[in-house]
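A quick write-up on the structure given underneath.
Numbering (the working numbering), first residue to last: 18 to 545.
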């Protein structure tokens, strides 16, 4: 009941916020965005996310420490019981937040990837309360019976052969806590990035085992608590079932995208995936790619690297070679350049929450393959004749080949080369020549200027590009009262620097220290 009312209240606030967003003052918007864009050191979180999660956590903690548990078995810790009940209530929400087919996405119109933060930290909250549940119950038993009595309890209730019976409650409880601990710590970004394929397999397997342990654990004393586990499983099964149905429809050619794709090997360890399409997509969206012949049981998210227009028949993905699926993809493209492969695309998901047409100027910032997000937007802005400036940080100039056929206005492009390359001089000439050949004369009036910009940045190739300073200078040059947008896609450090600079500008707007009318920030971090 509390959870239901909380959802209704949250949705109501979100909907009312959308209704009044056009009427609120620039300072109110700046204040809210300053909170949203400010980064918390060492946590990789925005201040707004932290405030929301800490509020929920302390509300639960206050309830845990103040509510009276009048009805409980003798020699049981009230604190241990309540913390266990809190865990049960959190599970369905955490499962929902982690699902692509997410009811909260339909209700709030907030993309599923933004709910992943609450999925991750919700799981950590469950681990906290589950650990408290275990240790408080152990403490109450030791206090009442002593360590010898606790040993007798373990001998009585810790029978492994009775895992699903009344004498296995300590075994399945311990197994559940150990599994939850593994799930949380194995979900940290450093672990995920080492091998996404292994992470997915072990994550799904661990979650299934956790549900089995919890259902067995609750069967003895809190049988009604099993309903929370079945609800969690139902949410997950619904998401998986819908995705399987959509994948089947796509695989037989009845979905949005045709079932085969052409693979093209490119410089810089990148593979282009070209998929024939019958449906439209929006700039800034991403899809989940599944390759039945190379890795049939997993799908990976990739940003759509092409702009949709009325005559578009092909959707492009640019995939950086790492390990697992991406390495198999690159190998297939190298060995079978003319052979199409069957693919299944799920989506598209995500996209921009604001219409770019309402801004007076736009700054695009990308790092490496983050260009797959900004280049299509630049093409869209060029087609709409909207002002923009794009900064792209790459390791070598060979990366320009990825977008050699792009028709963006190169007067607005800055390319920063961050690392030395033995083929730098030759690649500089060939890449720019390729651009001259592939782009129309109208789209390439500034190739000479672009070459000068690249040459000037080449001398700084050992330094980290000051993306935050780019944001500040862009805002400083903006006309008084103008509205600007900043869109960034790159490694976490780059996105954090841009967010911090944007937060600083929001603070200036709030305090009246700048004449800028508005700054809106959109962030994308590549990775799993």
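The C-beta atom is built at its ideal place from N, Cα and C for all residues, glycine as well.
Legend entry - C-alpha gap between residue 234 and residue 423, whole angstroms: 58 Å
Legend entry - Supposed contact pair residue 245 and residue 108 - C-beta distance, whole angstroms, cut 8 Å: Residue 108 to residue 245, Cβ: 5 Å. Contact.
Inset, instruction - Report the option in 62, 152, 79 and 210 whose CA atom is closest to the CA atom of residue 97. - result: 152
Legend entry - Delimiting residues of the alpha helix (DSSP H) encompassing residue 541: Per DSSP, residue 541 belongs to no alpha helix (DSSP H); it is in the beta strand (DSSP E), 535-542.
Inset, instruction - Between the Cα of residue 250 and those of 321, 433, 111 and 331, spot the shortest distance and give me the residue it belongs to. - result: 111
Legend entry - Anticipated Cβ contact below 8 Å, residue 539 with residue 369, distance rounded: 6 Å
Legend entry - Inter-residue Cα distance where the pair is residue 532 and residue 525: Cα to Cα, the separation comes out at about 9 Å.
Inset, instruction - Please classify residue 42: is it buried, with 16 or more other beta-carbons within 10 angstroms of its beta-carbon, or exposed? - result: exposed
Inset, instruction - Could you please give me the residues that DSSP links to residue 312 through a beta bridge? - result: Note: residue 312 sits in a beta bridge opposite 308.
Legend entry - Own chain residues within Cβ distance below 7 Å of residue 55, not counting five before or after: 63, 64 and 520
Inset, instruction - Give me the Cα-Cα distance between residue 142 and residue 197, rounded to the nearest whole angstrom. - result: 11 Å
Legend entry - CA-to-CA distance, residue 333 to residue 383, given in whole angstroms: Here the C-alpha atom of residue 383 lies approximately 18 Å from the C-alpha atom of residue 333.
Inset, instruction - Measure the alpha-carbon distance for residue 230 versus residue 189 and round it to whole angstroms. - result: Approximately 5 Å, taken between the alpha carbons.
Legend entry - Under the three-state DSSP convention, the category residue 377 falls into: Assigned with DSSP and collapsed to three states, residue 377 falls in coil, not helix or strand.
Legend entry - Buried versus exposed, by CB contacts within 10 Å (16 or more), residue 295: exposed
Inset, instruction - Have a look at residue 500 and residue 482 and give me their C-alpha separation to the nearest angstrom. - result: Computed Cα separation, rounded: 25 Å.
Inset, instruction - Can you tell me which of the three DSSP states residue 478 falls into? - result: At residue 478 the pLDDT is 45, less than 50, meaning the model places this residue with poor confidence and gives no usable figure here.
Legend entry - One or two residues paired with residue 8 in a DSSP bridge: The chain is shown only over 18 to 545; residue 8 falls outside these bounds and no answer can be derived.
Inset, instruction - Going by CA-CA distance only, name the one from 187, 185, 330 and 68 that's closest to residue 293. - result: The candidate whose alpha carbon is nearest that of residue 293 is 330.
Inset, instruction - To the nearest angstrom, report how far apart residue 546 and residue 408 are at their CA atoms. - result: The first residue shown for the chain is 18 and the last is 545, placing residue 546 beyond what the model contains.
Legend entry - Residue closest to residue 145, alpha-carbon to alpha-carbon, out of 394, 195 and 343: 195
Legend entry - residue 363 - containing beta strand (DSSP E), residue span: Bounds of the beta strand (DSSP E) holding residue 363 are 361-367.
Inset, instruction - Please state whether DSSP places residue 299 in a helix, a strand or coil. - result: If DSSP states are grouped into helix, strand and coil, residue 299 belongs with coil.
Inset, instruction - Please determine if the stretch 372-392 and the stretch 486-494 are in contact, where contact requires at least 3 C-beta pairs separated by less than 8 Å. - result: yes
Inset, instruction - Compare the Cα-Cα distances from residue 318 to each of 262, 276 and 217 and report the closest residue. - result: 217
Inset, instruction - Measure the CB-CB distance between residue 94 and residue 49 and report whether it falls below 8 Å. - result: no
Legend entry - Candidates 180, 282 and 265: closest to residue 353 by CA position: 282
Legend entry - residue 292 - partner residues in DSSP beta bridges: 278 and 332
Legend entry - Local Cβ density within 10 Å of residue 363, reported as buried at 16 or more and exposed below that: buried
Inset, instruction - Given a cut-off of 8 Å, decide if residue 541 and residue 505 are closer than it, judged by their beta-carbon atoms. - result: yes
Inset, instruction - With DSSP collapsed to three states, give me the class of residue 317. - result: strand
Legend entry - Chain-order list of residues whose beta-carbon lies under 7 Å from that of residue 136 (same chain, five-residue window excluded): 111, 114 and 115.
Inset, instruction - For residue 523, I'd like the list of residues in its chain whose CB is within less than 8 Å of its CB, leaving aside the five on either flank, ordered along the chain. - result: Within the same chain, Cβ atoms closer than 8 Å to the Cβ of residue 523 are found at 47, 48, 50, 51, 54 and 536, the five residues on either side in sequence being excluded.
Legend entry - For residue 433, the first and last residue of its enclosing beta strand (DSSP E): 430-434
Inset, instruction - Give the straight-line distance between the Cα atoms of residue 496 and residue 405, rounded to the nearest whole angstrom. - result: 14 Å
Legend entry - For residue 239, three-class secondary structure by DSSP: coil
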